[in-house]
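Colleague:
Residue numbers (this note's numbering): 1 to 797.
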């Protein structure tokens, strides 16, 4: 048997998750290199410390006690934020010959890792004293640190003895706004490891990176208080920076009938369906599901509604047996109007025919509460969106069989708990924090026979399986794959896209399948884009509470001046231009903003800004301009003057996502677009505002607001945010992965969810707007893949 071996290493975590991690713990006294030389020759020292996404390693060259060069490497730090720190912070340290330098704004964890690692090399070189021993005043101390959320920090109570960390407890959960399922994964897995290793440098939990870093920062804050309470210099905190070694010589072999890679919607459905099929066939259940993250649910646990057509049992129970929607008109619209003939018609037909059965299966068999279907987005009238039921969307008068239904995140989490419980009670097994990185292909048998995987502790796994189901959620967490695949003749999309989903979805198994000869289908199409935000954010101003609660979390609503640049950047009444300095879409349209590519610039003139300073955002007092779920801080009141707006914009300019210039030509140079294009586009847009007719894209007159005729001018860098990629591997109606010829089957391997959803779409357009298509395909394709994998095994073994 020949084993193909190739590992792709992801270099980028979720943009929107990085920006939630600005630590605010007290700053320890930095190190300054002694003026007297500690060595008479050039020597390079190496040290490593945990950054935001993983290890940050520095190589520090010292000559006669002077730092002459530093290189820093962190493959898993984000290019835009952490990457900036990796380049700029070493230069600052070398110039100062000291770690007493300002960190890089927004890159707290990466900056801190560089400084700590550099100080470790200085200790190695003998130019910095050894750190003091730990002596703490026994007791319980409260610390806080920023996690994924931007409104409230994570707070912990840390109990210590004089020498050891004894207990960590996350507190104030009633106001904390971390995603409950993600925070729980960090609590359950990270906290015991911190205590076991007496180290806050243990790896964060994959899929819960933001919450993990928040817990670590809060714990460090509390430990420093314990050190200071005993009179110990807080630099002794470095004793808690110990790096934990991973296993390097442990390999385990596992044999199983069905292996499911991924435990999001598609993976949980596939694993459960396979177990059901084996049980129905009277054979022992031999199904293993694995996931890279420290939790199951994946992107599906952050979505809202699965697509389904006239679920048979559901309509009998809740609609007097009547259909909710007309199937053939939807099929015709899908094939001819939406997909324009590019989708695989047999797969679309399969989806429409099977999706209703999946709704029944979820609702009646596995404890997913779902509401009566609603129409999709825009002008779509087909009722196909069966929303997850949660506290704030319960249908009036309906008996759900339980009185207490929590808010959205916790409710959806409980539904995944239900299906995983059903799976394990049938004899299925699962392993979290287990990263599958390559298919094992048997050339002699011409089929996939398993995968290679690694555990969080370094254990290597060789998992042999009679059938493998790929359900890894696409590749939106892999910027290298995005740059490689997300570009076609229709739209110049080739670039990484910011992600508001699961950054662990790095496409390793998709790439491994391609490396082994698998075909793809619409892998070059735009990702699933539902959200937009700015490329950076403010945290300089306080967040205020206001009436009402958030439907996802049940926490009180907020507002802040921090959101003003974001509101301006996303304003549908403003002019937005792409990287060529031209408008690309109707800014007031539904989900049109992807057409500019991953980001764009929203342009304002001085007249616009002066009006906001004097009058504020248009609208009734007591109502609010919304910002966005993606690191928005609640919006800003309407009808209230904003005299601070110039100061706010200056702070955003310092952050590097707002630009200001006296002329449009100068502004174009600053944002890197052709000046002629921007000038002519502004002139044309102002003319459209005067006439009330957008001749290019049909934007409504009420949304046409002129930039005015004078500077200074402003540009705000905003961006699309992806849930996941759409296109992926080519499959047939059995969900078998197909070879490059698009006809022959790659035996032994199936692909479900976003690993194969490109078969439903067109690369000439964006994700479908019928509502819940990706989630519906995840559950339906997963359910069918599980059944088909067991059928394949029974027929061929």
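Glycine included, C-beta positions come from ideal geometry on N, C-alpha and C.
In whole angstroms, what is the alpha-carbon distance linking residue 680 and residue 185?
Modeller: Roughly 52 Å separates the two Cα atoms.
Colleague: Just to confirm, are residue 131 and residue 239 a CB contact at a threshold of 8 Å?
Modeller: Taking 8 Å as the Cβ cut-off, residue 131 and residue 239 qualify as a contacting pair.
Colleague: Please report the straight-line C-alpha distance between residue 439 and residue 663, rounded to a whole angstrom.
Modeller: Distance between the alpha carbons of residue 439 and residue 663: 56 Å.
Colleague: Cutting at 8 Å between CB atoms, please list the residues of its own chain near residue 223, excluding the five before and the five after it.
Modeller: Only 136, 141, 143, 158, 160, 165, 200, 237, 240 meet the Cβ criterion.
Colleague: Kindly provide the ranges of any beta strand (DSSP E) runs that are 3 or more residues long and lie completely inside the region 595–653, ordered along the chain.
Modeller: Counting whole runs of 3 or more residues, the region 595–653 contains the beta strand (DSSP E) stretches 599–604.
Colleague: Restricting to Cα atoms, I'd like to know which of 589, 584, 362, 306 is closest to residue 374.
Modeller: Of 589, 584, 362, 306, the residue nearest in Cα terms is 306.
Colleague: Need the endpoints of the alpha helix (DSSP H) that residue 356 sits in, please.
Modeller: Per DSSP, residue 356 belongs to the alpha helix (DSSP H) from 345–360.
Colleague: Less than 6 Å between C-beta atoms, sequence neighbours within five positions excluded: which residues of the same chain meet that for residue 310?
Modeller: Cβ within range, chain order: 323, 324, 356.
Colleague: Does DSSP classify residue 55 as helix, strand or coil?
Modeller: In the structure shown, residue 55 sits in a strand (DSSP, three-state: E or B).
Colleague: How big is the Cα-Cα spacing for residue 699 and residue 764?
Modeller: Roughly 22 Å between the two C-alpha positions.
Colleague: Between the C-alpha atoms of residue 153 and residue 84, what's the straight-line distance to the nearest angstrom?
Modeller: The straight-line gap from Cα to Cα measures roughly 24 Å.
Colleague: Exposed or buried, residue 425, counting other C-beta atoms within 10 Å across all chains shown (16 or more means buried)?
Modeller: That one is exposed.
Colleague: Assuming the contact rule is C-beta atoms closer than 8 Å, residue 182 and residue 215 should be a hit. Round their C-beta distance to whole Å, please.
Modeller: Between residue 215 and residue 182 the Cβ distance is about 11 Å, and since that is not below 8 Å, they are no contact.
Colleague: Could you check the C-alpha separation between residue 514 and residue 450 for me, to the nearest Å?
Modeller: The alpha-carbon atoms of residue 514 and residue 450 are separated by roughly 15 Å.
Colleague: Below 8 Å between beta carbons: does that hold for residue 366 and residue 419?
Modeller: Against a cut-off of 8 Å, the Cβ pair of residue 419 and residue 366 comes out as a contact.
Colleague: Using only the alpha-carbon positions, how far apart do residue 522 and residue 507 sit?
Modeller: Going from the Cα of residue 522 to the Cα of residue 507 covers about 15 Å.
Colleague: To test your reading of the DSSP string, which unbroken beta strand (DSSP E) runs of 3 or more residues are found completely within the region 397–480?
Modeller: Segments of the beta strand (DSSP E) lying fully in the region 397–480: 429–431, 434–442, 447–455, 460–470.
Colleague: Note down the Cα distance separating residue 784 from residue 263, rounded to an integer number of angstroms.
Modeller: Their backbone Cα atoms lie some 15 Å apart in a straight line.
Colleague: Tell me which residue opens and which closes the beta strand (DSSP E) that residue 716 is part of.
Modeller: First-last of the beta strand (DSSP E) with residue 716: 713–724.
Colleague: By the 10 Å Cβ neighbour count, where 16 or more other Cβ atoms means buried, how is residue 281 classified, buried or exposed?
Modeller: When all chains shown are included, residue 281 counts as exposed.
Colleague: Which runs of the beta strand (DSSP E), 3 residues or longer, sit entirely within the region 737–775?
Modeller: Segments of the beta strand (DSSP E) lying fully in the region 737–775: 745–751.
Colleague: Quick one: measure Cβ to Cβ for residue 205 and residue 453, integer angstroms, because I've assumed they're closer than 8 Å.
Modeller: Incorrect: roughly 17 Å between the Cβ atoms, too far for contact.
Colleague: Residue 91 to residue 682, Cα distance in whole Å?
Modeller: Distance between the alpha carbons of residue 91 and residue 682: 40 Å.
Colleague: Short of 7 Å in beta carbon distance, which residues of its chain neighbour residue 177, apart from the five on each side in sequence? Order them along the chain.
Modeller: Contacts found: 149, 151, 152, 553, 555.
Colleague: On the criterion of 16 or more Cβ atoms from any shown chain inside 10 Å, does residue 147 qualify as buried, or is it exposed?
Modeller: Label assigned to residue 147: buried.
Colleague: For residue 271, is the classification buried or exposed, using 16 other Cβ atoms within 10 angstroms of its Cβ as the cut-off for buried?
Modeller: By the 10 Å Cβ count, residue 271 comes out buried.
Colleague: Just to confirm my understanding: we take residue 279, look at its own chain, exclude 5 residues before and 5 after, and list those with CB closer than 7 Å. What are they?
Modeller: Result list for residue 279: 285, 426, in chain order.
Colleague: Between which two residues does the alpha helix (DSSP H) harbouring residue 545 extend?
Modeller: That residue, residue 545, is in no alpha helix (DSSP H); its beta strand (DSSP E) goes 543–549.
Colleague: Is it the case that the Cβ atoms of residue 608 and residue 707 are separated by a distance below 8 Å?
Modeller: Yes, these two residues count as a Cβ contact at 8 Å.
Colleague: Please say whether residue 386 and residue 352 have beta carbons closer to each other than 8 Å?
Modeller: Cβ atoms of residue 352 and residue 386: not closer than 8 Å.
Colleague: How about residue 711 and residue 606: do their beta carbons lie closer than 8 Å?
Modeller: Yes.
Colleague: State the DSSP-derived secondary structure class of residue 364, mapped to helix, strand or coil.
Modeller: In the structure shown, residue 364 sits in a helix (DSSP, three-state: H, G or I).
Colleague: With 16 other CB atoms within 10 Å as the buried threshold, where does residue 2 fall?
Modeller: Its pLDDT being 33, under 50, residue 2 is placed unreliably in this model, and the coordinates cannot settle the point.
Colleague: Please confirm whether residue 475 and residue 768 have their CB atoms less than 8 Å apart.
Modeller: Their beta carbons are not under 8 Å apart, which means residue 475 does not touch residue 768 by this criterion.
Colleague: Take every Cβ of the region 616–632, pair it with every Cβ of the region 730–738, and state whether three or more of those distances are shorter than 8 Å.
Modeller: Judged by Cβ distances under 8 Å, the region 616–632 makes no contact with the region 730–738, as fewer than three pairs qualify.
Colleague: Going by the CB atoms, is the gap between residue 613 and residue 653 shorter than 8 Å?
Modeller: Not closer than 8 Å, so no.
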